[in-house]
Amino acid sequence: MRAASAALVAFCVIAGGAVQAQEPVGAAIFKTCQPCHSLDPAQAGMAGPHLAKLGGRVLGSAEGFDYSPAFRAAKARGLAWDRERLLSYLADPDAVVPGGWMSPPAGVSAADRAAVTDYLLGK
Amino acid sequence: MLRRSFLKFGFAGLAAPNLILRSAQATGQTQPGSPFIVTYFEVPEIKGSRDVTDAGDGTIWVCGQRNGVLGRFDPRTSQTKVVPLGDGAAPHGVVRGPDGAAWVTEGGQNAIARVDDKTHKVDLFKLPEGRERANLNTPVFDKAGMLWFTGQNGIVGRLDPKSGKMDIFDAPRGAGPYGMTRTPSGEIWFASLAGNYIARVNTQSGSFTVVDPPTQGQGARRVWSDSKNRIWVSEWNSGQVSSFDSESGSWKGWKLPGDKPRTYSVYVDDADKVWLTDFALNSIVRFDPLTEEFSSFPSNKPGANVRQMDGRTGEAWGGESGTNRLVRIQTVKPA
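For the record, the sequence lines run as chains A and B. Here our numbering is used: the first residue of the first sequence is 55, the next is one more, and so on. Here our numbering is used: the first residue of the second sequence is 5, the next is one more, and so on.
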């Protein structure tokens, strides 16, 4: 019985480790975005809009969010998020949406940006 | 208690009778009857001109968040010295240290950068392993000469500039620590944007005393103390400016002009006048706590996005991060 319990504990530890290891890199990087953004459309009061279903979404179109004039203009032009645009935006937001309110994400590498882009566009 | 303000200039004031605009290198002139001179300085070498502070010799330090440099701008000559901070640099905040150097929250390299004010040599103090991507925000020195700083991903840090020893503390409620200030009595306070609170730091233990503003979900973004140890708070979500009397524990609050203000930054000058920035109206807004009146200084360019202000006697300064400019508002003493 004791041996079985030990085996069970060992399995849980290993399985837990496996679950942790399976966390996508992009999900880990996304934690740096979470001070301002959520993946839950119902989460109110964030400084930035929610990022659920971002792939193909028109810029400035998260319902109920009070966007900058720059993003409202981008919405009026019908610009949508795709991989290239999001990668460029994360590297230098002002270069893609001049006058937008988001600061450049700090301390994230090109690989980090690629990972979080793929993560967000897959959500 | 929240109180509506008296709006002296308000929306109508956006065509402001007290507003004088000066381009790039022009020196401002006082419009008859106006107590302010507004001057804009082009600093194309400083991309994403962000936080600023007085360098103590007439020049202004400014962070170039988009191109990873620290600038030193001289308004007397309109010349800018550019100090590269390193590969991947993205400086956010800057403060002048007791040693005269500029101390920078250098989020790009996840480090505190010291830039010598005489040689412009850069020294980096990296955050310890396990604290990657802290999203460093605002630095402040305490009276003992220790550098305190915030990281938006949920940390408050302390650096001993002499030994280089750094301690990192987990902030209450996780992500959110943003602006930081020191009161005349020596207390260190910070705001948490995502946490919706302000907090006093116990500088000995690294523990915190959280104070919740009266408005729920207000989005406390930046803080600045006045001469009476009152903590002024820019509330991003509520569009208010509020003040917390750290001695009596009482609050006051005022909504900025306009329908849906977005109060980004706050700075209190040495006359206890409160300088705010409102992203919704693309304006710097001055608040006089005595008269409870606002004066608006809209930028002459769209998307100016002044994310922080600082100053010196008679001058309030900000970086227009969206236009690569600096803005100076001089307060003219009555003749």
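For each residue, glycine too, the CB sits at the ideal point set by N, CA and C.
query                                                                                                                                                                     : result
From D120(A) to W152(B), what distance separates their C-alpha atoms?                                                                                                     : 33 angstroms
Quick one: measure Cβ to Cβ for G112(B) and D171(B), integer angstroms, because I've assumed they're closer than 8 angstroms.                                             : Rounded, the Cβ-Cβ distance is 22 angstroms, inconsistent with contact.
At 9 angstroms on the CB atoms, spell out the chain A contacts of N139(B), in chain order.                                                                                : T86, P89, P159, A160, G161
Determine the direct distance from the alpha carbon of G199(B) to that of R135(B), and round the result to whole angstroms.                                               : 19 angstroms
At the level of alpha carbons, what is the spacing between V42(B) and N233(B)?                                                                                            : 29 angstroms
Go ahead and label L140(B) buried or exposed: buried means 16 or more other beta carbons lie within 10 angstroms of its beta carbon, across all protein chains shown.     : buried
Using only alpha-carbon positions, find the residue among S287(B), D164(B), P143(B) that is nearest to R266(B).                                                           : S287(B)
Taking three-plus beta-carbon pairs below 8 angstroms as touching, is the region 310-317 of chain B in contact with the region 134-146 of chain A?                        : no
By how many angstroms is the C-alpha of R316(B) removed from the C-alpha of I333(B)?                                                                                      : 11 angstroms
In this structure, how does DSSP classify G118(A) when only helix, strand and coil are distinguished?                                                                     : coil
Is there a Cβ from chain A that is less than 8 angstroms from the Cβ of Q312(B)?                                                                                          : no
CB-CB under 6 angstroms to T327(B), same chain, minus the five flanking residues each way: which ones, in chain order?                                                    : K305, A308
Name the chain A residues whose beta carbon is nearer than 8 angstroms to that of F283(B)?                                                                                : S122, W155
Since I believe V214(B) is in contact with P176(B) (beta carbons under 8 angstroms), could you give me their beta-carbon distance rounded to a whole number of angstroms? : 5 angstroms
Do the region 126-133 of chain A and the region 279-294 of chain B touch if we need at least three Cβ pairs shorter than 8 angstroms?                                     : no
Suppose contacts are defined by Cβ-Cβ distances below 8 angstroms. Is Q165(B) in contact with G149(B) by that definition?                                                 : Before going on, a small fix: residue 165(B) reads as Pro here, not Gln. In this structure, G149(B) lies closer than 8 angstroms to P165(B) by Cβ.
Confirm, please, whether the CB-CB distance from H91(A) to G80(A) is below 8 angstroms.                                                                                   : no
Would you tell me roughly how many angstroms separate the C-alpha atoms of S254(B) and A203(B), rounded to the nearest one?                                               : 14 angstroms
Does the separation of the CB atoms of G155(B) and P181(B) fall below 8 angstroms?                                                                                        : yes
Out of R226(B), A275(B), D91(B), S167(B), state which residue places its alpha-carbon closest to the alpha-carbon of G183(B).                                             : R226(B)
So, at 6 angstroms on beta carbons, what are the nonlocal neighbours of D58(B) in its own chain, with the 5 sequence-adjacent residues on each side left out?             : R316
Given that W240(B) touches chain A, what residues does it touch there, using C-beta distances under 8 angstroms?                                                          : A101
Helix, strand or coil: how does DSSP classify L32(A) here?                                                                                                                : The structure shown does not extend to residue 32(A), since chain A spans only 55 to 177, so no value can be given for it.
Under 8 angstroms between the Cβ atoms of Y271(B) and A320(B)?                                                                                                            : yes
Would you list the residues sitting across from Y173(A) in a DSSP beta bridge?                                                                                            : Y173(A) is not bridged to any residue.
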